[in-house]
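> These protein sequences, in sequence, are chains A and B. Just so you know, we're using my numbering here: the first sequence kicks off at 58 and counts up by one. Just so you know, we're using my numbering here: the second sequence kicks off at 1160 and counts up by one.
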Amino acid sequence: MLPTEPPDRYTVTAMARAQGLDFPAERLTTLARTFADFVAKFDDVWQIDPGEHEPTAITFDDEARS
Amino acid sequence: MTTAEHELDLCFMTIAELSTLIRNREVSPVEVTTAMLNRISRHNDTMHAYITLTGDTAKEQARTAEHEIATGNYRGPLHGVTISLKDNIATRGIRTSCASMVAPNWVPDADATVYAKLREAGAILVGKANLFEYAFSMNSAYPNAVNPWNPERTSSGSSSGSGVAVAAGMVHGSIGTDTGGSGRAPANVNGAVGFKATYGRVSRAGVFPLSYTLDHTTMMTRSVRDSALMLQATAGHDPRDENSSRVDVPDFSARIGQDISGMRLALARGYTHEGIDGDVVGVFGAAVETLRTLGAQIDEVQLPYVQHCAALQLATMNPEAAEIHHDTHRNAPDKLGETALMRLDLGSLVPATTYVRAQRIRKLMRDAFRDLLDRYDAIISPALAMRPGVAGTWTTIIDGKEVDLRSAGPEYTGIYNLTGMPALVLPGGFSSEGTPIGIQIAGRWFDEATVLRIAHAFEQTTGWPKRPPYPKDDSANSQM
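1. Answer yes or no: does any C-beta atom of chain A fall closer than 9 Å to that of H1484 (chain B)?
2. Which same chain residues end up closer than 8 Å to A1258 (chain B) when comparing Cβ atoms and leaving out the 5 residues on each side of it in sequence?
3. Could you tell me which chain A residues have their CB closer than 9 Å to the CB of V1261 (chain B), listed as they occur along the chain?
4. Enumerate in chain order the residues of its own chain whose CB-to-CB distance from Q1220 (chain B) is below 7 Å, with the five nearest sequence positions on each side excluded.
5. Given I1181 (chain B), which residues of its chain have a CB within under 6 Å of its CB, disregarding the five upstream and five downstream residues?
6. Could one say the Cβ of T87 (chain A) lies closer than 9 Å to chain B's Cβ atoms, at least one of them?
7. Report the residues of the region 1513-1543 of chain B with a CB closer than 9 Å to any CB of chain A, ordered along the chain.
8. Between the alpha carbons of M1172 (chain B) and H1331 (chain B), how many angstroms are there, rounded?
9. Consult DSSP for L1180 (chain B) and reduce its assignment to one of helix, strand or coil.
10. Specify, as a first and last residue, the run of the alpha helix (DSSP H) that D100 (chain A) falls within.
11. So which residues of chain A does A1474 (chain B) contact, with C-beta pairs closer than 7 Å?
12. Is W1623 (chain B) near S1382 (chain B), with beta carbons less than 9 Å apart?
13. Let me make sure I understand the geometry here. Which of B:W1604, B:T1213, B:I1596, B:A1614 has the alpha-carbon closest to that of N1306 (chain B)?
14. What in chain B is Cβ-close to E111 (chain A), meaning under 8 Å?
15. Using the beta-carbon count (16 or more within 10 Å), is H1432 (chain B) buried or exposed?
16. Determine the DSSP secondary structure at H1226 (chain B), reduced to helix, strand or coil.
17. Could you please give me the residues that DSSP links to K1355 (chain B) through a beta bridge?
18. To the nearest angstrom, report how far apart T1578 (chain B) and V102 (chain A) are at their CA atoms.
19. Consider the Cβ of A82 (chain A): report whether some Cβ of chain C lies at a distance smaller than 9 Å.
20. Are any of the Cβ atoms in chain A nearer than 9 Å to that of Q1461 (chain B)?
21. Between the region 1481-1512 of chain B and chain A, which residues of the former have a C-beta closer than 8 Å to a C-beta of the latter?
22. By the criterion of Cβ-Cβ separation under 7 Å, what are the contact partners of T91 (chain A) in chain B?
23. Is the separation between the beta-carbon of A1445 (chain B) and that of G1320 (chain B) shorter than 9 Å?
24. Compare the C-beta of A1470 (chain B) against all C-beta atoms of chain A and say whether one is closer than 9 Å.
25. Could you pull the DSSP bridge partners for M1360 (chain B) from this structure?
26. Pull up the distance between the alpha-carbon of G1335 (chain B) and that of A1413 (chain B), whole angstroms please.
27. Name the chain A residues that come within less than 9 Å of H1238 (chain B), Cβ to Cβ?
28. At a CB distance below 7 Å, what residues from the region 1187-1211 of chain B approach chain A? Give them in sequence order.
29. With 9 Å set as the bound, which would you pick, yes or no: does the beta-carbon of M58 (chain A) sit closer than that to a beta-carbon of chain B?
30. Express the C-alpha separation of S1540 (chain B) and I1613 (chain B) in angstroms, rounding to a whole number.
31. Helix, strand or coil: which one does DSSP assign to E109 (chain A)?
32. So what does DSSP say about P1640 (chain B), is it helix, strand or coil?
33. Could you please tell me which residues of the region 67-81 of chain A, in chain order, have their CB closer than 8 Å to any CB of chain B?
34. In terms of residues, what are the limits of the beta strand (DSSP E) holding D1493 (chain B)?
35. Looking at the C-beta of H1375 (chain B), does it have a partner C-beta in chain A at a distance below 9 Å?
36. Skipping 5 residues on each side, what residues in its chain have a beta carbon closer than 8 Å to that of A1262 (chain B)?
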């Protein structure tokens, strides 16, 4: 799935099952909508060039965060 | 003054006021604790500020404090002062429920570091405060805490009980947590001071995690000076917390009382225009003029990456939470609230590539804010865009338009969780419905003292802390 393609219900079902999650229909409908909203919202972030930055948020030390 | 009035005064004193009386032996820790426990026992059934009361622990700690002070062993400004802890903060031998039905009777075998430090400072634990389930879902197993200014309006969250207890005179100071605004939002709507210091400044060891890279442990108090006192007692490196800072701990009260003339403040552009409630605009505009009157130089600036905060918050918090709750999510989903499930469902599906990209952009954000704070001493903004909504809901109203609180929050409070900068919310005024409206001051990493200095200068102009109309007070007579 490309980040710019909102996932459909079947895609969401497959992704969930791949992680050991099997949702009742109502929960799946909600998730498909919220996930599509999220993908659309994050699409703008994919347009930002992160330069040479590495994803150090989890391990950022005092120098990195100040 | 009657006994009841005296007890009420003790409950509503700031920590700074009370500590002077205790140090001078004008009041005793036992007297203070008795007054507070009486008030809590009278009102908790209506206010729901606490999930678990720790009266026996409090009485024992109060007697110890009284003996120590009487024998010349005064420990400092928190000695004999009552505190509470959000109920996702571990307390040895005391139930820590996280306001969830997943493990409602969990009794930790070790204290969180933040509580151990407060005990060492002589503080007295009166209870475990109410919260949203695991700090991220309103569908709590317990009734929502009640806004003491208007019970029909939300007390917000997730540190709802801490905000309500502090504002309603049901504790002198409380420790909450803040992952996207969970400490500052309840301070905003209940009329308290909520302060999250720099990421890593205060240990999170023993605090049940929501999101490793966004979680902060937060001070909830009635005044800015009290916030500095609580932070002083809890800050510092902790080997139990892998992301704990090794930066030296300064005297956080050192600059309180200094004027702010000539200080340069960045006013967050966009926070004063569209998408913000008229009452908030009014209170914030008046606050800006007050700060100018105090001598601050204020320029409008565009905060970097603010438009991406919601996406970055979702891409970070939800996957981290989904990893933390992995087993419960699969094996006992029926024990989780609806909102918790929705967030864990979404977090499970966020691709790893998206998560990694979000962390790289957070690095860009920090660079951009570092550049901004080379030119300014602090950033000011409203605490939130809206007035508090109907109690028990996620929605609220901005000038007649229904808004989801969860989508409106990140641009105001969550931005400083993403960057890890210190950020403080304090009362600025009231809405037309009589609920408090706060302003927010954010500063440079590890420069909490400047944030406190500006906040204190502003606070002196507002007449806060004030007493809310609820709970209604009656007699206060009982013995410890």
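Glycine included, every Cβ here is placed at the ideal spot set by N, Cα and C. What you are looking at is a predicted structure, and each value in this text was computed from that prediction instead of being measured.
The structure says:
1. no
2. I1210, D1246, N1247, N1289, L1290, F1291, E1292, Y1293, S1299, A1300, Y1301
3. In chain order: nothing, as chain A lies at least about 17 Å away.
4. I1283, L1284
5. G1239
6. yes
7. T1513, Y1514, V1515, R1516, A1517, Q1518, R1519, I1520, R1521, K1522, L1523, R1525, D1526, R1529
8. A straight-line Cα-Cα distance of about 7 Å links M1172 (chain B) and H1331 (chain B).
9. helix
10. Where D100 (chain A) is concerned, the enclosing alpha helix (DSSP H) stretches over 82-103.
11. F99
12. In this structure, W1623 (chain B) sits near S1382 (chain B), with a CB-CB distance shorter than 9 Å.
13. Nearest C-alpha to N1306 (chain B) among B:W1604, B:T1213, B:I1596, B:A1614: B:I1596.
14. R1519, K1522
15. Note that H1432 (chain B) scores a pLDDT of 49, beneath 50, so its modelled location is shaky; the value from the coordinates is reported in the next line. The residue in question, H1432 (chain B), is exposed, as its Cβ has fewer than 16 Cβ neighbours within 10 Å.
16. helix
17. B:T1377, B:A1582
18. 16 Å
19. No chain C is present in this structure, whose protein chains are A and B.
20. no
21. Residues H1488, R1489, L1500, M1501, D1504, L1505, S1507, L1508, V1509, P1510, T1512.
22. M1501, L1505
23. Result no, Cβ atoms of A1445 (chain B) and G1320 (chain B) do not sit closer than 9 Å.
24. Chain A, which has a Cβ nearer than 9 Å to the Cβ of A1470 (chain B), makes this yes.
25. Reading off the sequence, residue 1360 (chain B) comes out as Arg, not Met. Answer is none; R1360 (chain B) lacks a bridge partner.
26. 24 Å
27. Those within 9 Å of H1238 (chain B) in chain A number zero; the least Cβ separation is about 31 Å.
28. Within the region 1187-1211 of chain B, no residue qualifies.
29. With a pLDDT of only 45 at M58 (chain A), under 50, the local geometry of the prediction cannot be trusted, and no value is derived from it.
30. In this structure, the straight-line span from the alpha carbon of I1613 (chain B) to that of S1540 (chain B) is close to 13 Å.
31. coil
32. For residue 1640 (chain B) there is no data in the structure shown, the boundaries of chain B being 1160 and 1639.
33. V69, M72, A73, Q76, G77, L78, F80
34. Note, D1493 (chain B): premise wrong, no beta strand (DSSP E); not H, not E.
35. no
36. Cβ neighbours of A1262 (chain B) within its own chain (closer than 8 Å, five residues either side excluded): S1256.
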